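Residue numbers (my numbering): 751 to 1064.
We put the beta carbon where it would ideally sit given N, CA and C, even for glycine.
It should be emphasised that the depicted structure is a prediction, and the values quoted were computed from it without experimental measurement.
Data first, discussion second: the structure below is written as structure tokens.
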């Protein structure tokens, strides 16, 4: 029989919510393990962050590095792995992952989002050859080219602004006539001469030979259809929640997100959640980090109620 080392807390996901949870858990001296496919999550690929108070370096990678250094300095342990299933036994949890099985007294779930797709003809064919789902992009790769950014949130607006400095032309394609992104970024974007807004517009097809060469777009208000030459399309239309590894344990809302209270508690005792995979209405770094901190403090309180349970790992 193989006996697993029992951790006080296992955190699934290494984005802002998971990293903040790790910091707060270690401040309480919980034996803390972070299981994550990468350290940073979605923010790792964000070119520009200008709304995190006190952070002026701008890049998402820089902010993640600061989070990571602090969590490791306090003693959080990290294992790069994909979590495949979480099971609850009598009091403890068993976490199955690509790096093996782990056991803990409490769990905080923060990871489980995948880029959304348009699902139009040609999209799969040109994925990686002109169609990008990644938030990170190389400005040099699009220098002098025509590119399209699809989306209406801050990610799409910031991407278009970033690309405008190197691309010859940036088309910002949005299916609605207004944006969800912040007004300040939108105001800056409207003043950039090589950015063209295509509102009430959707891509219906992607065309090309060995790589993407053009897209067919349709104006949903007028019905007009036209084909535009573009070299790259960046899809910034959000992410879908994929929580197959834990959805059998927790209550979720109609969109598949985990329902939590303000303390990060879920419908499963001892299992907490934080960040964009919860039913919070705002997908912001600072909110995710705050939720991670709250979940860690609540998890500490949960473990402390079990006499002699905290190992106080130093």
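Starting from the C-beta of residue i, find all residues in its chain whose C-beta is less than 7 Å away, skip the five residues before and the five after it, and write them out in chain order.
i            : result
residue 864  : 989, 990 and 992
residue 773  : 820, 821 and 824
residue 751  : Bear in mind that the predicted position of residue 751 carries a pLDDT of just 43, short of 50, making it unreliable; the figure below should be weighed with that in mind. Correct list: empty, nothing qualifies.
residue 999  : 836, 838, 1018 and 1021
residue 945  : 910, 914, 920, 922 and 939
residue 1046 : 771, 774, 775 and 858
residue 935  : 904, 907, 908 and 911
residue 976  : 967
residue 969  : 950 and 951
residue 1007 : 991, 1027, 1028 and 1029
Run through DSSP, which three-state label would residue i get?
i            : result
residue 866  : coil
residue 751  : Low confidence applies here, because residue 751 scores a pLDDT of 43, under 50, leaving its location unreliable; read the following figure in that light. Correct three-state label for residue 751: coil.
residue 855  : strand
residue 1023 : strand
residue 756  : strand
residue 935  : helix
residue 956  : strand
residue 816  : helix
residue 905  : helix
residue 940  : helix
residue 883  : coil
residue 1035 : helix
residue 989  : strand
residue 913  : helix
residue 926  : coil
residue 833  : strand
residue 838  : strand
residue 1002 : strand
residue 1008 : strand
residue 779  : coil
residue 806  : coil
residue 791  : helix
residue 1073 : Since the first residue of the chain shown is 751 and the last is 1064, residue 1073 is not available in this structure.
residue 821  : helix
According to DSSP, residue i sits in a beta bridge with which residue or residues?
i            : result
residue 799  : Answer by DSSP bridge pairing: none, since residue 799 is not bridged.
residue 828  : 784
residue 968  : 952 and 975
residue 945  : 920
residue 896  : 919
residue 1013 : BP columns for residue 1013 are empty, so no partner.
residue 726  : Here the chain comprises residues numbered 751 to 1064, so residue 726 is not present and cannot be evaluated.
residue 875  : The partner list for residue 875 (beta bridge, DSSP) is empty, contrary to what the question assumes.
residue 996  : Beta-bridge pairing links residue 996 to no other residue.
residue 983  : 881 and 898
residue 1028 : 1008
residue 844  : 837 and 853
residue 962  : 958
Closest to residue i by C-alpha separation, out of the options, would be which residue?
i            : options                  : result
residue 979  : 961, 760 and 828         : 961
residue 894  : 916, 968, 873 and 1031   : 916
residue 785  : 776, 768, 933 and 969    : 768
residue 920  : 987, 910, 926 and 931    : 910
residue 954  : 871, 1031, 1006 and 805  : 871
residue 974  : 934, 994, 983 and 952    : 952
residue 891  : 878, 1027 and 852        : 878
residue 862  : 761, 1045 and 946        : 761
residue 933  : 948, 958 and 902         : 902
residue 754  : 852, 811 and 806         : 852
residue 843  : 996, 1029, 1044 and 1001 : 996
residue 924  : 943, 931, 950 and 1031   : 950
residue 1028 : 811, 1040, 1036 and 1002 : 1002
residue 828  : 868, 1012 and 759        : 759
residue 834  : 1009, 848 and 841        : 848
residue 876  : 1036, 956 and 869        : 956
residue 930  : 1056, 1006, 1031 and 811 : 1031
residue 790  : 1014, 1038 and 889       : 1038
residue 792  : 766, 812 and 808         : 766
Output needed for residue i: all residues of its chain with C-beta closer than 6 Å, excluding positions within five of it in sequence on either side, in chain order.
i            : result
residue 757  : 781, 783 and 854
residue 985  : 883 and 900
residue 982  : 880, 892 and 897
residue 905  : 986
residue 889  : 916
residue 1036 : 802
residue 1043 : 770 and 774
In chain order, what residues of the same chain lie with their CB nearer than 8 Å to the CB of residue i, ignoring the 5 residues before and after it?
i           : result
residue 926 : 902, 949 and 950
residue 873 : 867, 881 and 956
residue 832 : 787, 847 and 848
TODO: Report yes or no: do the segment 854-862 and the segment 1017-1037 share at least 3 C-beta pairs separated by less than 8 Å?
DONE: yes
Task: Cβ pair count under 8 Å reaching 3, the segment 774-784 against the segment 1040-1055 - done: yes
Open item on the list: Assess contact between the segment 954-974 and the segment 796-815, defined as three or more Cβ pairs (one per stretch) separated by less than 8 Å. Is contact present?
Closed with: no
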